[in-house]
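Chains as they are written, first to last, in my numbering: chain A, 70 to 329; chain B, 70 to 329; chain C, 70 to 329. A short worksheet on the structure shown next.
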Amino acid sequence: MENKIIGLITDFGTEDGYVGAMKGKIYSLIPTVTIVDISHDIKPFDIRGAAFCLLNSHAYFPPGTIFVVVVDPGVGTERHGIVLRTEKHIFIGPDNGVFSFIIHHQSFTAEKILLDKLPWEISDTFHGRDVFAPLAAMMAKGLEVHKYLAPHTSVSSFFQAPRKMATDRFAVQVVHIDHFGNIILNFHRSDLPQSVSPRQVELQSGFLKLKGIRKTFGEVPVGDLILCWDSSGYLQIARNQGSAAQKLNLTPGQELIVKI
Amino acid sequence: MENKIIGLITDFGTEDGYVGAMKGKIYSLIPTVTIVDISHDIKPFDIRGAAFCLLNSHAYFPPGTIFVVVVDPGVGTERHGIVLRTEKHIFIGPDNGVFSFIIHHQSFTAEKILLDKLPWEISDTFHGRDVFAPLAAMMAKGLEVHKYLAPHTSVSSFFQAPRKMATDRFAVQVVHIDHFGNIILNFHRSDLPQSVSPRQVELQSGFLKLKGIRKTFGEVPVGDLILCWDSSGYLQIARNQGSAAQKLNLTPGQELIVKI
Amino acid sequence: MENKIIGLITDFGTEDGYVGAMKGKIYSLIPTVTIVDISHDIKPFDIRGAAFCLLNSHAYFPPGTIFVVVVDPGVGTERHGIVLRTEKHIFIGPDNGVFSFIIHHQSFTAEKILLDKLPWEISDTFHGRDVFAPLAAMMAKGLEVHKYLAPHTSVSSFFQAPRKMATDRFAVQVVHIDHFGNIILNFHRSDLPQSVSPRQVELQSGFLKLKGIRKTFGEVPVGDLILCWDSSGYLQIARNQGSAAQKLNLTPGQELIVKI
């Protein structure tokens with residue numbers, strides 16, 4: 070049997086053993102699997118944070134990798150658990166927006182999980198352990214799961230494309246603040262017309278004006294802000310050896326102007 | 070050789086490399102082992118937290134899994150290191166209460182580790198690296214360790230069963246506050262007589278009264294408190310999409326009343 | 070093929086998926102490798118912290134282990150990426166001091182990475198994913214990398230040996246504060262003449278005087294400070310079941326006196 074990888078993203082932290090329970094279940098079903106901790110430090114209930122973490126990491130994993138994403142404030146309500154398949158990967162988790170970037174960038178098929186078809190006991194509060202982890206392990210093992218799934222037509226997403234205000238300006242949003250305090254915007258490298266030089270792009274927000282998309286932090290003095298592309302191709306406000314978020318007062322959802 | 074798993078629970082954090090040292094020692098003795106990070110984020114010296122983390126995770130791991138638990142404020146004193154065996158698993162660590170839930174729920178045998186019999190050098194401050202990790206690796210490898218062990222009659226425990234005050238009420242204790250701010254009590258699902266409906270159970274503490282054990286957070290409005298069973302079957306006070314601990318002023322050890 | 074280990078130390082945290090991206094790249098190149106999380110919780114840009122974490126962990130890993138250390142505030146500037154080889158291990162990362170302890174304690178060879186020779190695309194801001202992780206994977210796989218490397222003569226180090234002030238006293242520095250609040254000094258067990266008893270060593274700093282290097286925290290009452298050797302053989306100020314750093318006002322770089 071080939072080497073299978075299951076990547077985990079949760080907001081559980083590790084200290085209560087909930088992630089350990091998921092890992093134990095997976096190893097009990099398929100002892101030879103490689104479980105990869107992608108993150109358990111997503112902020113509690115931070116669906117955007119989980120989506121961003123998945124965006125930044127998933128593309129680099131080998132074909133066939135299964136990602137289990139459990140940031141699930143709606144567990145036990147009528148929100149569905151889903152299985153998404155792209156050409157290269159499989160994604161399992163709640164249908165609450167955690168897969169927003171996946172479905173924005175790739176073609177996919179979606180199925181919902183039929184809880185009442187699962188032939189084992191399921192708690193109402195911990196589908197990570199009782200639903201998503203066992204399904205991932207079964208799929209890694211090559212077992213049939215289609216009897217537990219049904220087509221799912223509409224997948225939740227919080228992602229909004231930048232809004233065109235005029236031929237030379239977009240209203241963009243803060244999508245996420247990362248670990249280093251970089252401020253990630255919903256303006257992708259592919260949203261910039263090829264005719265426009267990155268050097269003439271300008272970001273505006275109140276008194277803040279940043280001109281030119283730069284290549285590295287080191288192009289400005291320590292402590293200064295710059296515009297650059299983040300590691301997934303989104304525009305970000307960064308700060309040389311410091312936190313841009315600490316300097317600026319911006320939070321996810323806030324709007325700024327990009328002039329091109 | 071079959072695939073062996075060693076699960077680690079420590080309060081070391083990872084930033085100082087102490088966990089790395091333990092992993093290196095284990096891999097040096099048995100390169101094919103699967104080391105599972107269960108948690109390294111137990112609060113420093115928090116024996117209850119480690120015990121709770123182990124409670125929530127251990128049962129799901131395959132037979133033969135070896136758990137190494139190192140929350141060890143008494144390292145270098147006369148507290149013993151011990152090896153516990155249940156029908157399914159092996160547990161290695163200091164005898165200071167970290168195995169309280171294991172010995173409360175399962176039959177077990179216990180042995181103490183004879184430091185002066187170990188034929189390698191041992192520091193006085195880091196038995197995780199010098200005693201527990203190497204013994205776990207040797208056991209995973211199938212090597213004889215019984216010459217380093219002797220029977221151990223009494224294993225430490227902080228766990229107290231709920232105290233019956235009358236036929237219809239118990240004094241219960243806060244055992245632990247988890248990552249999400251859920252408040253875990255020492256009242257187990259099996260402590261509730263089968264004749265009593267979960268809906269009539271009432272929790273009292275000063276002005277706080279919570280009636281009925283519910284199935285999911287979603288049964289109450291966002292921000293409200295509920296009583297429910299936690300993922301290991303203990304009664305907990307939770308809060309829909311929020312922290313119960315932040316709302317209530319309760320700490321481990323405090324007493325509340327359960328009316329049935 | 071033998072079992073290869075790649076150990077990771079970064080300041081990325083895990084929540085943004087940057088570590089996940091590195092892991093994905095490595096598994097894509099060599100699916101059978103064992104990736105070991107040593108730490109992703111180094112404080113942002115804390116080169117000393119990364120060096121200390123590597124010091125405490127590396128020696129215990131099997132021969133052939135490859136360590137990738139990415140604390141890299143200068144990424145995108147003219148600082149070099151390097152590959153160090155000691156008799157037992159390989160180290161890959163930026164040449165900014167993260168390998169200070171390695172080169173202080175062991176003989177080594179050093180090569181710098183020739184970015185313009187690498188036949189794949191490289192971002193300016195994320196060499197962990199685009200340079201260090203792929204090179205580590207290639208070396209784990211046994212692929213030739215020497216065409217991407219050139220001799221490197223001088224490796225950066227922040228480490229200073231203790232300064233001898235008189236025959237019986239040294240000026241020593243705080244190197245690092247660890248997770249438990251232990252204060253690590255640049256005075257190594259091997260810096261103490263064999264003729265001097267550890268019991269007569271005295272540490273002085275303003276009003277603080279600590280006499281005698283002890284074996285375990287338990288030799289003093291809970292809350293008291295002691296001098297002892299840390300797990301890598303450096304002198305440390307520790308506190309029985311508490312944080313020495315919280316009690317004393319010392320930061321990395323500060324000088325104290327050791328009288329022998």
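Idealized CB from N, CA, C, for every residue including glycine.
Which of helix, strand or coil does DSSP assign to residue i?
i, result
"G211 of chain A", "coil"
"V200 of chain A", "helix"
"E288 of chain A", "helix"
"S176 of chain C", "coil"
"D73 of chain A", "According to the sequence as given, residue 73 of chain A is Lys; it is not Asp. Of the three classes helix, strand and coil, the one that applies to K73 of chain A here is coil, per DSSP."
"V265 of chain C", "coil"
"L124 of chain A", "helix"
"Q315 of chain A", "helix"
"F68 of chain B", "Coverage of chain B is limited to positions 70 through 329, which leaves residue 68 of chain B absent and any answer about it impossible."
"L98 of chain B", "helix"
"I111 of chain A", "coil"
"A230 of chain C", "coil"
"V144 of chain C", "coil"
"I116 of chain C", "helix"
"V88 of chain B", "helix"
Would you please state the rounded distance, in angstroms, between the beta carbons of residue i and residue j? I believe it to be under 8 Å.
i, j, result
"G250 of chain A", "A313 of chain A", "5 Å"
"T18 of chain B", "F286 of chain C", "Residue numbering for chain B in the displayed model covers 70 to 329; residue 18 of chain B lies beyond these limits and cannot be assessed."
"G150 of chain C", "P163 of chain C", "6 Å"
"L319 of chain B", "I252 of chain B", "6 Å"
"P231 of chain A", "V327 of chain A", "7 Å"
"L98 of chain B", "P203 of chain B", "6 Å"
"E84 of chain A", "D110 of chain B", "5 Å"
"L177 of chain A", "R148 of chain A", "As written in the sequence, residue 177 of chain A is Phe, which differs from the Leu given in the question. Not a contact, Cβ separation roughly 18 Å."
"Y129 of chain A", "G93 of chain C", "3 Å"
"I329 of chain C", "V265 of chain C", "5 Å"
For residue i, write down the residues that DSSP places opposite it in a beta bridge.
i, result
"H257 of chain A", "A:Y303"
"K181 of chain B", "B:I151, B:A219"
"W330 of chain C", "Absent from the model: residue 330 of chain C. The displayed extent of chain C is 70 to 329, so no value can be given."
"H245 of chain C", "C:I253"
"S225 of chain C", "Paired residues: none, contrary to the question."
"G162 of chain B", "B:I151"
"F136 of chain B", "B:G76, B:F160"
"E324 of chain B", "B:Q242"
"S274 of chain B", "B:L277"
"I282 of chain C", "C:L296"
"I104 of chain C", "C:I75"
"A205 of chain A", "Note: A205 of chain A sits in no beta bridge, so no partner."
Once you ignore the five residues that flank residue i on each side, which residues in its own chain have a CB closer than 8 Å to its CB?
i, result
"L123 of chain A", "I78, I107, F136, V138, F160, V167, F168, F170, I171"
"F227 of chain C", "I116, R117, A120, G166, S169"
"S192 of chain A", "R198, D199"
Please list, in chain order, all residues of the same chain as residue i whose beta carbon is under 7 Å from its beta carbon, the five residues on each side excluded.
i, result
"A205 of chain B", "I75, I95, I135, V137, I161"
"S301 of chain C", "L124, N125"
"Q315 of chain C", "G250"
"D247 of chain A", "I253"
"M208 of chain B", "I135, I159, V214"
"Q229 of chain B", "Q242, N255"
"H257 of chain B", "G302, Y303"
Can you list, in chain order, the residues of its chain with a C-beta nearer than 6 Å to that of residue i? Leave out the 5 residues immediately preceding and following it.
i, result
"G281 of chain C", "R268"
"G332 of chain C", "Given a span of 70 to 329 for chain C in the structure shown, any question on residue 332 of chain C remains unanswerable."
"H221 of chain B", "I151, A179, E180, K181"
"E324 of chain C", "A240, Q242"
"D299 of chain A", "I253, Q305"
"F274 of chain B", "The sequence as given places Ser at residue 274 of chain B; Phe does not occur at that position. Excluding residues within five positions, the ones whose Cβ falls inside 6 Å are L325."
"K112 of chain A", "G118"
"A90 of chain A", "R198"
"V289 of chain A", "I295, N309"
"R283 of chain C", "I295, C297"
"M70 of chain A", "Confidence in M70 of chain A is poor, its pLDDT being 47 and thus under 50, which makes the residue's placement too unreliable to answer from."
"H173 of chain A", "F228"
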